[in-house]
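These protein sequence lines are chains A and B, in that order.
Each position in the first sequence, counted from 1, maps to that position plus 422 in the working numbering.
Each position in the second sequence, counted from 1, maps to that position plus 422 in the working numbering.
Beta carbons are placed, not taken as given, at the ideal position from N, Cα and C, and that holds for glycine.
Small disclaimer: the values here were computed from a predicted structure and weren't measured.
Number of protein chains: 2
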Amino acid sequence: MSPSGLARFIRLGQQADPVILDALSRGAPSEFRPALSYHFEVAGKRMRAAMVVLSCAAAGGRVERAIKPAAVVEMIHNYSLVMDDLIDRGEVRRGRPTVRVVMGDSIALLVAMFYREVLDDLIEDLPANRNVRKVAVKTMKEIIDGERLDLLLEQAGRTDPYLIKNRISKPTFKTYLDMVGKKTASLFKAAGQVGAYAANAETRIVNALGTYGWKAGLAFQVMDDVLDICGEKTGKQQAKDIIEHKLGNAAILIALRFLSRKDREELKKIVGSERVSTQMLKKARSMVNKTPAERECREIAMKYLEDAKASLSVLKPSPFKDALSDLADQVVARSY
Amino acid sequence: MSPSGLARFIRLGQQADPVILDALSRGAPSEFRPALSYHFEVAGKRMRAAMVVLSCAAAGGRVERAIKPAAVVEMIHNYSLVMDDLIDRGEVRRGRPTVRVVMGDSIALLVAMFYREVLDDLIEDLPANRNVRKVAVKTMKEIIDGERLDLLLEQAGRTDPYLIKNRISKPTFKTYLDMVGKKTASLFKAAGQVGAYAANAETRIVNALGTYGWKAGLAFQVMDDVLDICGEKTGKQQAKDIIEHKLGNAAILIALRFLSRKDREELKKIVGSERVSTQMLKKARSMVNKTPAERECREIAMKYLEDAKASLSVLKPSPFKDALSDLADQVVARSY
């Protein structure tokens, strides 16, 4: 896929932006607005919004009908990002300081809470709002629980009594899939479903586009994990998951399977250390890289990607169907 | 009003509890449930829920129809309490450690976010859900903005760049009323309106019960402020608002009007000090107590309370109407 292909998807998704910005100004005093709009000033890639729009079009609906539903899905994403940065003390997002850094934690929390109310306004504006609301609320609950599981898979660094008491120190790959399914794939699934609803599609199309988003989301997350640990340069901090003590990373979990008992204990010890030095980080990465973890993860991701595309087979041939296939490639190809 | 009168209201409001507890368990894995239910284990006084139930009954509706709407209003209240404790680092609520103390800040945030989704489920379950949703979302936005104003009226203690840049250091009483109207009175207003909707009441009854709640809420907040600064013992920490640098307190704002320029500057200096010593606190309270602030605040609160009761005049005589009048007394009489 050419860079111009990506640009096309970004343009598609960004059609949701004016809808979001308009909704943000409703019921907010003028002094609050700069805090509310800051996060949307730098446009994200809006891949989820693009997925809604293309899913609608590929299901036979008009693109214009998908813009507001795309705004709903994009709003869920951005609400969860601002909250996520509060939980992880995130400092940089999309190359800029996060809302919490620029405004402060208390205001960032109020901004995110306000986003949740704006989300309600956006849903209420939709014609088929009951279906979308049901999907949105279910997805939000899943994202919240996925975040909880992600935190439980952290092996150090937090003092929350609940996390220390319930920490998952020996996760299976099934636990991992449960976590990323909720935290990441559920919203891509929602994107496919909501796009299909916008086209008034029949249930089997809604389900197929949901599966498409779900599988693409899983593929994306597995690749994101691999790039974090094994990638040379992704524009992000290297091996951030190890620094953040996260055992909920596909590459680490698969590497653990292949390591000797001694190495396995050492890798787990590094991930569970309160402070991970540069040397420890280097050691951990070299241990993972000695195993076939990267190759296995790429195979897993490619399998999910194939599944995603295969689920499109129920759709009639169209340029939009082809574009959905390209979009899945694009989502998986980049870590963003 | 006798203590048994209060107990009656508490019992009325607590009818909403099983509805809330049932809704909390939907879509939540069993390991998450203890964190979700902790906050509801100690029952609050549920005055807002009681207001919904009595408003419905006084407007001619059946009490049973008001239980679910009461759960909605009570859920908004508790969502905002858990978030509020995160913002204010609150440690004790209803005589017990707060959710954030028992579970940790990250999990408390996820718990509150989950409450917001449960709120949506509760609204969706209502027959007249469009009206209730509209009121609920408007009220939530107001509560969020009221919290923002409350933070802007704090004169020290926070490092949030947004707050330092936008701090309100010379508030008028109008600014104060805007803040408490949004932060406190709006939800009491919603309680009256939602109760009226549950009774399928005509618009003028909805508005009258909204005004009743609004005025009762203002009266409650002004009395709460007075008790904080001037009260001898309310079960709460004394003069917490001064310790928390809050200029958004009716008694302080009115005292400032009566003090000499020198004393005014000193009181403002104490409220704006990064660390308020016991001696400074004593000095501040004695300055306020030298003015007629307490008397004036009590007069303001009594005026609001009268207005609240007067707005009930459109209702037909009934024991429920009388009970609403008693409930307003009860809401104002106690700081909770």
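Within the model, the alpha-carbon separation for A:Asn622 versus A:Gly632 is close to 14 Å.
By the Cβ-count criterion, B:Gly617 is buried, with 16 or more other Cβ atoms from all chains shown falling within 10 Å of its own Cβ.
In terms of beta-carbon proximity, A:Asn551 stays away from the interface with chain B, with every pair separated by 8 Å or more. Between A:Ile442 and A:Glu486, the CB-CB gap reaches or exceeds 8 Å. Rounded to the nearest whole angstrom, the CA to CA distance from A:Ser708 to A:Ala677 is 11 Å.
Minimum Cα-Cα distance from B:Ser608 among the listed residues B:Asp729, B:Ile692, B:Ala715, B:Gly635 corresponds to B:Gly635. Assignment of B:Arg580 by DSSP, reduced to helix, strand and coil, places it in the coil class.
Taking the Cα of B:Pro549 as reference, the smallest distance to any Cα among B:Ala620, B:Asp567, B:Met525 is reached at B:Ala620.
Neighbours of B:Ala457 in chain A, taken as residues at a C-beta separation under 8 Å, are given in chain order as Tyr584. Taken through DSSP and simplified to helix, strand or coil, B:Lys668 comes out as strand.
With a 10 Å radius around the Cβ and a threshold of 16 neighbouring Cβ atoms, B:Gln437 comes out buried. In the structure shown, A:Pro519 falls within a strand segment according to DSSP collapsed to helix, strand and coil. At a cut-off of 8 Å between beta carbons, A:Asp567 contacts chain B. Within 10 angstroms of the beta-carbon of A:Arg522 lie 16 or more other beta-carbons, which makes it buried. Between B:Val710 and B:Ala673, the gap from beta carbon to beta carbon is short of 8 Å.
For A:Asp527, the residues of chain B that pass the 7 Å Cβ criterion are Asp582, in the order they occur in the chain. The count of Cβ pairs closer than 8 Å, one atom from the region 647 to 667 of chain A and one from the region 574 to 588 of chain A, reaches three, so the stretches are in contact.
Under the 8 Å criterion on CB atoms, A:Ile509 is classed as interfacial with respect to chain B. In chain order, Val648, Cys652, Ala673 place their CB closer than 7 Å to the CB of A:Glu716, counting only its own chain and leaving out the 5 sequence neighbours on each side. CA-to-CA, the gap between A:Ser682 and A:Asn500 works out to about 41 Å.
Annotation for A:Ala745: Leu476 place their beta carbon closer than 6 Å to its own, counting only its chain and skipping 5 residues before and after. At a cut-off of 8 Å between beta-carbon atoms, A:Gly653 makes no contact with chain B.
Between the region 533 to 553 of chain B and the region 553 to 565 of chain A there are three or more inter-stretch CB-CB distances shorter than 8 Å, so the stretches are counted as touching.
B:Ala638 is a Cβ neighbour of B:Leu727, given a cutoff of 8 Å.
At least one CB of chain B lies nearer than 8 Å to the CB of A:Arg538. If you check each beta-carbon in the region 699 to 726 of chain B against every beta-carbon of chain A, none falls closer than 7 Å. The region 460 to 470 of chain B and the region 587 to 596 of chain B do not touch, with fewer than three beta-carbon pairs separated by less than 8 Å. Among the residues of chain A, none has a CB under 8 Å from the CB of B:Gly427; the nearest is roughly 36 Å distant.
Within chain A, the residues whose beta carbon sits less than 9 Å from that of B:Gly449 are Val559, Lys560, Lys563, Glu564, Asp567, listed in sequence order.
Look at A:Val464 here: in three-state DSSP terms it is coil, with no helix or strand label. Going by C-alpha positions, B:Ser747 is about 14 Å away from B:Ala481. A:Val514 is bridged by DSSP to A:Pro519. A:Val557 is positioned such that its CB atom lies no closer than 8 Å to that of A:Gln643. 8 Å or more divides the Cβ of A:Arg570 from the Cβ of B:Gly526. As for any alpha helix (DSSP H) of minimum length 4 sitting wholly inside the region 588 to 676 of chain B, the runs are 595 to 602, 608 to 620, 625 to 652, 662 to 665, ordered along the chain. The beta carbon of A:Asp572 lies closer than 8 Å to those of Met601, Lys605, Lys668, Gly670 in the same chain, with the five residues before and after it left out.
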